[in-house]
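Note that the protein sequences, when read in sequence, are chains A and B. Here the numbering used here = 1-based position in the first sequence + 1. Here the numbering used here = 1-based position in the second sequence + 1. Backbone N, C-alpha and C fix where the C-beta goes; we use that ideal spot for every residue, glycine too. Given the structure is predicted, the values throughout are model-derived calculations rather than measurements. This report concerns only the one structure given below.
There are 2 protein chains.
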Amino acid sequence: MDTTEFRRRGKEMVDLIAGYLENIEQRTVYPNVEPGYLRSLIPEEAPEEPDTYEDVVKDIERVIMPGVTHWHSPYFYAYFPTANSFPAMLADMLSGAIGCIGFSWAASPACTELETVMMDWLGKMLKLPEDFIAGTHGQGGGVIQGTASEATLVALLAARCRAVRMILASDPQRPETGITSKLVAYSSDQAHCSVERAGMIAEVRMKKIPTDQSDKYAVQGETLRRMIHEDKAAGLIPFYFCATLGTTPSCAFDHITELGPICNAEKIWMHIDAAYAGSSFICPEFRPLLNGIEFADSFNFNPHKWLLVNFDCSTMWVKKRSDLIGAFKMDPLYLKHDHQESGMITDYRHWQIPLGRRFRSLKMWFVFRMYGLKGLQDYIRKHVELAKEFESLVRADQRFEISADVVLGLVCFRLKGSNEVNETLLKRINNGRKIHLVPCLLSGQFVLRFALCARTTESRHIREAWRLITQLADEVMQELPH
Amino acid sequence: MDTTEFRRRGKEMVDLIAGYLENIEQRTVYPNVEPGYLRSLIPEEAPEEPDTYEDVVKDIERVIMPGVTHWHSPYFYAYFPTANSFPAMLADMLSGAIGCIGFSWAASPACTELETVMMDWLGKMLKLPEDFIAGTHGQGGGVIQGTASEATLVALLAARCRAVRMILASDPQRPETGITSKLVAYSSDQAHCSVERAGMIAEVRMKKIPTDQSDKYAVQGETLRRMIHEDKAAGLIPFYFCATLGTTPSCAFDHITELGPICNAEKIWMHIDAAYAGSSFICPEFRPLLNGIEFADSFNFNPHKWLLVNFDCSTMWVKKRSDLIGAFKMDPLYLKHDHQESGMITDYRHWQIPLGRRFRSLKMWFVFRMYGLKGLQDYIRKHVELAKEFESLVRADQRFEISADVVLGLVCFRLKGSNEVNETLLKRINNGRKIHLVPCLLSGQFVLRFALCARTTESRHIREAWRLITQLADEVMQELPH
């Protein structure tokens, strides 16, 4: 394919994806295929000679679409949102064409510098403390990671490295081996599974701090203080706490204003994972949820969830970039460059697990400029309003109950009754394939999660979803043994 | 921006990027900017109200392009190639629009299944042993990772997990803590820096196996055998060897036909990192370089380097997927789905560090179909031929020497003489900004690396580059004190 053909095919593809998104409502949101469906639809091997482009395009509808879960359908209410906006897609096209790999400043200065400045822009939108802003002389700053899982892991590795150094500094005779086995990290029992996984990868003990309905599934200062006390008494060394703002099951918020001072006093690295909720902090009315950020060492959220920047774009800030870099720095000759020692510049490969990296800040730049702060705030507010609307629909039906406070765009609800009946209801909903939801477990109760996801969801979709849910609830209730 | 405007802006963007790639030769390949150049060109904060799209587009030339290192310019010979092709860009546009997150089969069956089948297609192109092919009943199979660094780390973590289990199985009374501190991993002293980094992350001892000019910078079986012997005698437990096929400094190939049987006998996990060279194995004449793959537990290379699939697409195969999954599996309720227990399906989140993942296999599908196997082979062969052409230009000039065998698309060369004179030459070359190269260190010698990178590089670019290099060499030599 030469440039002339690309001009033609590219424009056709623009029309194809515009059409896909325009008419996505008409598609079955949750695909009706059996595992292994795709293999039989295509050859067993790659072709020797090129296929025609027409055949490839035909196969999008024949092979791909039947098996797509349409995350951008206004009938998709599962998991959490994943962002999708036109400005982000345009920027991604440009990023693909430039196709630079930004592992060092020299490998593409624009790629590195736009990222630093966009992280500052976003940090200012969130009113992050000055410590997290790179500016021209800051000690901190931001980096785009691929996912929140990576950010959690990177923070944990930096914390492990810092802890070992501090211990060795205070006791130079102590052998380095064996220290890690004494370290203990903490997170909420509501934290994302990737936090536990980070502990497995780093081979450190990761303790779950219990929460329950009485504390709204949030970690309280007192509980953390008690666990630290017990662990220290047992000879362990607390070194990392991953707080969650907006947990995956119920969008609960750990009390970081209480937790932060405890961590600071104990020299425990506090990482804040606000993967979903973080985007809302650009609105003044939701910003108080981030109070306590001043105590954190690192903070992360996913604009690729709820801030209209297509996946992947997980933004992470640290107060001291030297803490992060120290855990990873490697400098072979083929990656050295002239400006390296100047201190003014950033080699982002020291901030992350992978070496290579795409030009992802272009997506942020396009989205922030094409929406403006106000446009982004409007978007967040609309989702929260729709969630509130759904909440009132649920509350108006005596058969249902709300299972957790509705703070942002997630409504946790269930039929009053057994877990079985709720499981049956959810199965009916998803088998109907008109809307798609996933469950969670809260205090042993099977709960349905209704997450506002698509950019194009409107009140009518919410009301239609609710009509469907109540219809299916009628059926399920009628079938119950009396 | 609504769909109507996206149709218009998307088509303009197609023209913009087509024009960028068409005329990339005219741009300065290596940017002439000072660190911090970008910050002063744009506002300090995101706008409150939207900017116009025209302003955003204007800023691409004003703000971004002056700081871009043009990796796809035919005058770019630094690092290793990063892929860029029109079919991959078209597929990526589609992937962005579908915008699904494929962490589980249910989260988007097409995303998971196309990946499994594309990994089989590619595995067959490489003539991988049957063990690595998923098929419908295989125990192994492939996964797309973001980068080779991640693949190395994932393999190391899986190996660590397997080793600890084997040790505990053979000695159930042994305490689990402390085992890791006895483990020892190996790689070549020519291995990529990310291998050492993986060891730091996993907190295992990583030993570098010495190589030198006499063995063409490749690890020999005998050296590994001796190190294993010594380490076992010292009470350590060898568990992982990362072999490199095509090292970053000089594209050297470890002797895996010797190394593999040693690893197998010692129950050491052998991971093969062929990040750059792997793409060439689709050509029968280069496939012998992969002989010995049958001894490996895992294998990885980057189609996003040299197989025309835009970043990121790092393909990794394992013989036993259960080894990989075992190191990571986490199953919270919100990620469970009906088909989970069937065994027929794959939840790729258990195969990798991040949880989320893009629909990256679309890029492979488009590229394999639009080029066909023959087209891809032609592309590889053309780069190798150009490298050979450059090699003969170097060999024809008595002042220069070739520093390592030219096997694929990389030529390592230097002026006969001191490191200083070669450093000066490279500095002149890069400051000229007409071509871009990076150095490496081989046996203490400062060497220039000339890597064939851009898809559009032709013989005339090579010859022009050589003309420039010899001109600058003239200057440098003349300035030498007599």
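Taking 7 angstroms as the cut-off, the Cβ atoms of residue 441 of chain B and residue 429 of chain B do not count as close.
The beta-carbon of residue 417 of chain A is placed no less than 7 angstroms from the nearest beta-carbon of chain B.
Among the CB atoms of chain B, one or more fall inside 7 angstroms of the CB of residue 100 of chain A. Here residue 274 of chain A carries a strand assignment [DSSP, helix/strand/coil]. Contact residues of the segment 175–187 of chain A toward chain B are 178, 179, 181 and 182 (C-beta to C-beta distance below 8 angstroms). CA-CA distance, residue 318 of chain A to residue 300 of chain A, rounds to 5 angstroms.
Residues of the segment 291–315 of chain B whose Cβ lies closer than 7 angstroms to any Cβ of chain A, in chain order: 311, 312 and 313. With respect to the C-alpha of residue 108 of chain B, the residue from A/83, A/193 and A/315 having the closest C-alpha is A/83. Across the segment 356–390 of chain A, CB contacts with chain B closer than 7 angstroms involve 356, 357, 359, 367, 369, 370, 371, 372, 373, 374, 375 and 376, in sequence order along the chain. Per the DSSP secondary-structure output, residue 207 of chain A pairs in a beta bridge with A/186.
Taking 7 angstroms as the cut-off, the beta carbon of residue 232 of chain B is found closer than this to the beta carbon of residue 185 of chain B.
Rounded to the nearest angstrom, the gap between the Cα atoms of residue 413 of chain B and residue 77 of chain B is 15 angstroms. Spatial neighbours of residue 297 of chain B in its own chain (CB-CB distance under 6 angstroms, excluding positions within 5 residues in sequence) are listed in chain order as 271 and 273. The beta carbon of residue 404 of chain A is closer than 8 angstroms to those of 251, 413, 414, 415, 443, 446 and 448 in its chain, skipping five residues each way along the sequence. Under the DSSP assignment, residue 122 of chain B falls in the alpha helix (DSSP H) whose first and last residues are 110–126. The C-beta of residue 481 of chain B has fewer than 16 other C-beta atoms within 10 Å across all chains shown, which makes the residue exposed.
Contact between the segment 348–359 of chain A and the segment 131–150 of chain B is present: three or more C-beta pairs spanning the two stretches fall below 8 angstroms. For residue 93 of chain B, at least one C-beta of chain A is nearer than 7 angstroms to its own C-beta.
A Cβ of chain B is located within less than 7 angstroms of the beta carbon of residue 52 of chain A. The C-alpha of residue 179 of chain A lies about 43 angstroms from the C-alpha of residue 408 of chain A. Short of 6 angstroms from the beta carbon of residue 394 of chain A, and not among the five residues preceding or following it, lie these beta carbons of its own chain, in chain order: 467. Rounded to whole angstroms, the gap between the alpha carbons of residue 391 of chain B and residue 275 of chain B is 23 angstroms. DSSP, read as helix, strand or coil, puts residue 239 of chain B in strand. Chain A has no Cβ within less than 7 angstroms of the Cβ of residue 323 of chain B.
In the structure shown, residue 193 of chain B adopts coil according to DSSP, grouped into three states.
At a cut-off of 7 angstroms between beta carbons, residue 458 of chain A makes no contact with chain B. Interface flag for residue 477 of chain A against chain B is unset, since no Cβ pair is found closer than 7 angstroms. Among the CB atoms of chain A, none fall inside 7 angstroms of the CB of residue 462 of chain B. Put simply, of B/263, B/19, B/406 and B/111 the residue whose alpha carbon is nearest the alpha carbon of residue 10 of chain A is B/19. Annotation: residue 479 of chain A is outside any beta strand (DSSP E); the continuous alpha helix (DSSP H) that includes it extends over 460–480. Around the beta carbon of residue 452 of chain A, a 10 Å sphere encloses 16 or more other beta carbons of the protein chains shown; the residue is thus reported as buried. Within the same chain, Cβ atoms closer than 8 angstroms to the Cβ of residue 312 of chain B are found at 83, 84 and 305, the five residues on either side in sequence being excluded. Here the C-alpha atom of residue 387 of chain A lies approximately 45 angstroms from the C-alpha atom of residue 53 of chain A.
Interface criterion met: the Cβ of residue 2 of chain B is under 7 angstroms from a Cβ in chain A. In the DSSP assignment, residue 307 of chain A is bridged to no other residue. Among the residues facing chain A, residue 33 of chain B is not included, as its CB has no counterpart in that chain under 7 angstroms away.
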